[in-house]
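Chemist: According to the working numbering, the sequence shown is numbered sequentially starting from -6.
Below are the structure tokens for one structure; questions will follow.
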Amino acid sequence: MAKFYITTPIYYINDKAHIGHAYTTIAADVLARFHRMRGDDVFFLTGTDEHGSKIAAAAEQAGKSPQEFCDQMSAVFSELWDALNISNNDFIRTTSERHKKGVEKFLLKLKSKGAIYSAEYKGLYCTGCERFMTAKELVDGKCPFHQKRPEKISEKNYFFKLKDYLEEVKKRIVNDEIKILPATAKKETLGLFKQGLKDFSISREKVKWGIKIPFVKNQVVYVWVEALQNYLTGVGYGYNEKKFDRFWPADLHLMARDILKFHAIYWPALLLAADIQPPKTIFAHGFFTINGQKMSKSLGNIIDPNEMIKKFGTDGTRYLLLVQFPFGEEGDIKANKFTELYNAFLANNLGNLVSRVMKLAEKIKNQRLEAKNTGQLEKVVFSSWKNYDKNFINFQIKKALDEIFNLVSNLNVYIDREEPWNLVKTDQKRFDELMLGLLEALRHIGWMLYPFMPETSEKILKQLGVWEKEKTKQLKEIKKWNVNSVKRIKKGKLLFPRV
Ligand code: MSP
């Protein structure tokens, strides 16, 4: 059985989760579920990034100890993932003992390999980004992301000899041993090498809320360096070698463009220095705006996924976020169109198809009929599967989702044309045949929906009476056309009540 290890970034918990975090996590869940459906041994990891001055400051503002604050905020994230039906296999927290253990092991390894050295550091530090910035990056002396002047910092730090590994990292990216996707992200990464990349400091003297460096007093590990290691510690590095050997290297690190440099350059370099294989693929999707504007506290346009769930349900929210723009491209979330989209695609198109087919199916007389004239439907469904798979393989998950809804629309048009409500009065046999074909097509749609809308998928397949029988089947089996696979249908409640 092929293994598939997929990760999301671990999110900062200084504030509650928003639809930016939800977008990546839902996308990762879709890919994880698709791979499970194909029969892969999937390990899907997400978690929270809990150290550093930004979190310590937020805790202080909340009047809590850092750990207390982290416990509370980390739970806010994991509860949201439950509400969104995210099927992660584990949830890694950087304040956990297992993470600390792995990080210590990693740092000792870097030291023993001579990959770090100690030096004086002077620089401009942006707490919002949790990183040093160059003067060139600033706009009017301020960080362009946080509109704040960075702090001048001078301290003795440990540095990582990034320069020693750059050539090797670049070579592996160029020849796709480390695949950076989409192509625009690979181009962006290769462009970064040209700008000149400096050794970076991996420890902090002034920051107190962090993991202690095992071989020096009064310094903690730079939050980004230990955060990246969650991808190792989440699968056992430092405490469960068997599990680690099973799942590492990661098959896919998923994130947005904002943190591509850390993942595509720094992370592989650190891993090479520690004699660990770099990840196979890094996919950076677009960083989106909302109704054309950057999502920010000051603009007051941050959307809480919980609010969306209340209005559109779990699957409605998953759909509305993923359908907005092609996966991997820069995009805009048209929040002002959520209701319109929900009503058009979920209530009217998909919801309507399911309820009308189920209602008409009650009039079938001969369930055991060997329906011969469903060839046209079979072809349409087969071609949808083909496009669906192709899009998944290319990480085009929005296109795969659109493919399902094209099929749904086509079936609605087909029903309008065939007018089964008239046919049942004139030609029962032909009606039965038509309906058995439609039920079978609906079964295929139910499965295609599984990675995207797991709850809806299950509801449809249960109405068709095939869920229990098929949930453990291989996709190859599921995809076979068989007009007699649907046996005991049971009409259910409306899937998507209009909003
Ligand atoms: N803690 C670091 C990541 C460490 S991973 C080893 C971090 N956290 S974060 O909370 O800021 O999350 C950034 C990620 O959240 C993005 O890479 C992306 O996955 C998601 N997004 C946040 N806002 C987003 C958009 N506006 N658009 C798309 N994705 C967004 O960086």
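The C-beta atom is built at its ideal place from N, Cα and C for all residues, glycine as well.
Keep in mind it's a predicted model, so treat the numbers as computed, not measured.
Considering just the uninterrupted stretch of the alpha helix (DSSP H) at residue 122, what are its terminal residues?
Modeler: Run containing residue 122: none; DSSP gives neither H nor E here.
Chemist: In the DSSP assignment, what residue or residues form a beta bridge with residue 534?
Modeler: Residue coverage of the chain in this structure runs from -6 to 492, which leaves residue 534 outside it and unanswerable.
Chemist: How would you label residue 178, buried or exposed, when you count the other beta carbons within 10 angstroms and need 16 or more for buried?
Modeler: buried
Chemist: Can you check DSSP and say which residues form a bridge with residue 274?
Modeler: 172
Chemist: Quickly, what does DSSP pair residue 286 with across the bridge? List them, please.
Modeler: 283
Chemist: Is the Cβ-Cβ distance between residue 77 and residue 19 less than 8 Å?
Modeler: yes
Chemist: Does the beta carbon of residue 176 fall short of 7 Å from some heavy atom of ligand 1?
Modeler: no
Chemist: Between residue 221 and ligand 1, is there a pair consisting of the residue's CB and a ligand heavy atom that are separated by less than 7 Å?
Modeler: yes
Chemist: Tell me residue 248's beta-bridge partners as DSSP assigns them.
Modeler: Assignment of beta-bridge partners to residue 248 by DSSP yields 277.
Chemist: Any contact of the stretch 184 to 203 with the stretch 152 to 161, i.e. 3+ C-beta pairs under 8 Å?
Modeler: yes
Chemist: Can you find the residues in the same chain that come closer than 6 Å, C-beta to C-beta, to residue 271, ignoring five residues on each side of it along the sequence?
Modeler: Around residue 271: 171, 261, 264.
Chemist: What does residue 430 pair with, by DSSP beta-bridge criteria?
Modeler: Residue 430 pairs with nothing; no bridge assigned.
Chemist: With a threshold of 16 other CB atoms inside 10 Å of the CB of residue 457, please say whether the residue is buried or exposed.
Modeler: buried
Chemist: Please say whether residue 342 and residue 492 have beta carbons closer to each other than 8 Å?
Modeler: no
Chemist: Nearest-angstrom Cα distance between residue 397 and residue 371?
Modeler: 14 Å
Chemist: Once DSSP output is grouped into helix, strand and coil, what is the label at residue 50?
Modeler: helix
Chemist: So the candidates are 257, 237, 301, 219; which of them puts its Cα closest to the Cα of residue 181?
Modeler: 257
Chemist: How big is the Cα-Cα spacing for residue 169 and residue 240?
Modeler: 20 Å
Chemist: Can residue 38 and residue 83 be called in contact, C-beta distance under 8 Å?
Modeler: yes
Chemist: Take the Cβ of residue -6 as the centre, count every other Cβ of all protein chains shown within 10 Å, and call the residue buried at 16 or more, exposed below.
Modeler: Classification of residue -6: exposed, given that the 10 Å Cβ count is below 16.
Chemist: On the premise that residue 49 lies in contact with residue 202, defined as a C-beta separation below 8 Å, what is that separation, rounded to the nearest angstrom?
Modeler: 4 Å
Chemist: Flag this pair as touching only if the stretch 117 to 137 and the stretch 224 to 243 have three or more C-beta atom pairs under 8 Å; answer yes or no.
Modeler: For the pair of segments examined, the stretch 117 to 137 was found not to touch the stretch 224 to 243: the number of CB pairs separated by less than 8 Å stays below three.
Chemist: On the DSSP bridge assignment, give the partners of residue 111 in chain order.
Modeler: Paired residues: 151.
Chemist: Examine ligand 1 and report whether any of its heavy atoms sits within less than 7 Å of the Cβ of residue -2.
Modeler: no
Chemist: Look at the alpha carbon of residue 254 and the alpha carbon of residue 246, and state the distance between them as a whole number of angstroms.
Modeler: 13 Å
Chemist: Between which residues of its own chain and residue 461 is the CB-CB distance below 7 Å, once the five residues before and five after are set aside?
Modeler: none
Chemist: Rounded to whole angstroms, what's the CA-CA distance from residue 273 to residue 243? Just pull it up for me.
Modeler: 6 Å
Chemist: Counting beta carbon pairs with one atom in the stretch 409 to 428 and one in the stretch 349 to 364, are three or more of them shorter than 8 Å?
Modeler: yes
Chemist: Hey, could you find the ends of the beta strand (DSSP E) residue 0 is sitting in?
Modeler: -4 to 5
Chemist: Cα separation between residue 112 and residue 124?
Modeler: 17 Å
Chemist: Measure the C-alpha to C-alpha separation of residue 317 and residue 324 and round it to an integer number of angstroms.
Modeler: 8 Å
Chemist: Cβ of residue 248 within 7 Å of any heavy atom in ligand 1?
Modeler: yes
Chemist: Cβ of residue 17 versus every heavy atom of ligand 3: is any distance shorter than 7 Å?
Modeler: For the structure depicted, ligand 3 is absent and the ligand set comprises only ligand 1.
Chemist: With three or more beta-carbon pairs closer than 8 Å as the criterion, would you say the stretch 422 to 434 touches the stretch 470 to 477?
Modeler: Under the Cβ criterion (8 Å, minimum of three pairs), the stretch 422 to 434 counts as touching the stretch 470 to 477.
Chemist: Closer than 8 Å is the cut-off here; do at least three beta carbon pairs connect the stretch 354 to 368 with the stretch 281 to 299?
Modeler: Per the Cβ contact rule, the stretch 354 to 368 is not in contact with the stretch 281 to 299 (fewer than 3 Cβ pairs under 8 Å).
Chemist: Classify residue 83 as helix, strand or coil using the three-state DSSP reduction.
Modeler: Residue 83: strand per DSSP, three-state reduction.
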